[in-house]
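Participant:
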């Protein structure tokens, strides 16, 4: 009888603990927020790592995933963006690294799956770093100044219903970065370049964008290292300014 009572008490204690155990599992959900970088590992057993973030309608997100060669070799990384109901919104993959750009349709919770090309059927495994950004918006008539290294990238948002121009000016440093204006391919998460400006020792330049036949009011400005046929030292840094003007 004594053993039976002890068994019943232990069972009751375990039953009472179950809700708190489940709650703790919910609390353990991986999260990411704008401006944060997370690390993880894609393995044969865990080939999709789910990160949750909150966003608002019209937020433009830029997600960058880069393999960590100190942990395996995630040579074929991929990113999948899903809504709160796990419907796929966009996906992209690459070699060694991958970028996904997307404009959120509504307020709410979203999921980012850090994975590999081929998913379960894929063979690429290894560590990664993933960064989630919400690009700053360029405002008309307000010059923006910054410095950038050779291996760095900057993304900015332009919102306008009409034509606009973007003026680039070299300020100082050892190289001049490339400047692109693009629209977002929502399905693939890639950028479609509609205007570009680059050149060795480029002092200044202006990109004029005719939006007449473009079905969007959101544009991405990319500032980064010039094309590969320009040699740029690894320690090169360039300072620049951007000026947006709208009609």
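In my numbering, the protein residues as written are 14 to 260.
Ideal Cβ positions, reconstructed from N, Cα and C, are used throughout, including at glycine.
Predicted model, so just to flag it, every value in this text is computed and none were measured.
#1: Excluding sequence positions up to five away, which residues of its chain have a Cβ less than 7 Å from the Cβ of residue 111?
#2: Give the secondary structure of residue 249 by DSSP, where H, G and I count as helix, E and B as strand, and everything else as coil.
#3: By DSSP, does residue 127 sit in helix, in strand, or in coil?
#4: Identify, in the order they occur along the chain, each residue of the same chain with its Cβ nearer than 7 Å to the Cβ of residue 174, setting aside the five sequence neighbours on each side.
#5: Measuring straight from C-alpha to C-alpha, what distance separates residue 257 and residue 187?
#6: Could you tell me which of 163, 153 and 221 sits nearest to residue 170, measuring between CA atoms?
#7: Residue 265: buried (16+ other C-beta within 10 angstroms of its C-beta) or exposed?
#8: Counting Cβ pairs closer than 8 Å, one from the segment 124-142 and one from the segment 232-241, do we hit at least three?
#9: Note down, in chain order, each residue of its chain lying with its Cβ closer than 7 Å to the Cβ of residue 181, except the 5 sequence neighbours on either side.
#10: Does DSSP put residue 191 in a helix, in a strand, or in coil?
#11: Considering only the beta carbon of each residue, do residue 109 and residue 83 sit closer than 8 Å?
#12: Look at the alpha carbon of residue 232 and the alpha carbon of residue 149, and state the distance between them as a whole number of angstroms.
#13: If I measure Cβ to Cβ from residue 201 and keep anything under 6 Å in the same chain, skipping five residues before and after, which residues do I get?
#14: Residue 134 by DSSP, collapsed to three states: which one?
#15: Which value, in whole angstroms, describes the spacing of the CA atoms of residue 208 and residue 245?
#16: Whole angstroms are fine: how far does the CA of residue 120 sit from the CA of residue 68?
#17: Any idea if residue 80 is buried or exposed, counting beta-carbon neighbours within 10 angstroms, 16 or more meaning buried?
Facilitator: To lay it out plainly:
#1: What you label residue 111 is simply residue 98 of the chain shown in a count that begins at 1. A distance below 7 Å between beta-carbons, with the five flanking residues on each side excluded, links residue 111 to the following residues of its chain, in chain order: 78, 90, 91, 92 and 105.
#2: Residue 249 sits at position 236 when you count from the first residue of the chain shown. The answer is coil: DSSP assigns residue 249 none of H, G, I, E or B.
#3: Locating residue 127 in the chain shown gives position 114, counting from the first residue. Correct three-state label for residue 127: strand.
#4: For the purposes of this step, residue 174 is taken as residue 161 along the chain shown, with counting starting at 1. Excluding sequence neighbours, residue 174 sits near 230.
#5: For the purposes of this step, residue 257 is taken as residue 244 along the chain shown, with counting starting at 1. For the purposes of this step, residue 187 is taken as residue 174 along the chain shown, with counting starting at 1. Put simply, the backbone Cα of residue 257 is about 24 Å away from that of residue 187.
#6: For this step, residue 170 is matched to residue 157 along the chain shown. Checking every option, the nearest Cα to that of residue 170 belongs to 153.
#7: The chain is shown only over 14 to 260; residue 265 falls outside these bounds and no answer can be derived.
#8: no
#9: For the purposes of this step, residue 181 is taken as the residue at position 168 of the chain shown. Closer than 7 Å at the Cβ level, and outside the excluded window around residue 181, lie 192, 210, 217, 218, 253 and 255.
#10: Numbered from its first residue, the chain shown carries residue 191 at position 178. Three-state result, residue 191: strand.
#11: Position 96 of the chain shown, counted from the start, is the residue given in the question as residue 109. Position 70 of the chain shown, counted from the start, is the residue given in the question as residue 83. No, Cβ-Cβ distance for residue 109 and residue 83 is not below 8 Å.
#12: Stepping through the chain shown from its first residue, residue 232 is reached at position 219. Stepping through the chain shown from its first residue, residue 149 is reached at position 136. About 12 Å.
#13: Here residue 201 refers to the residue found at position 188 when the chain shown is read from its first residue. Contacts found: 105.
#14: On the chain shown, position 121 is the one that residue 134 refers to. Helix at residue 134.
#15: For the purposes of this step, residue 208 is identified with residue 195 of the chain shown, where counting begins at 1. For the purposes of this step, residue 245 is identified with residue 232 of the chain shown, where counting begins at 1. Their Cα atoms are separated by approximately 22 Å.
#16: Position 55 of the chain shown, counted from the first residue, corresponds to residue 68. Position 107 of the chain shown, counted from the first residue, corresponds to residue 120. Using only the alpha carbons, I get a separation of about 6 Å.
#17: Mapped onto the chain shown, residue 80 falls at position 67. Buried, by the Cβ-count rule.
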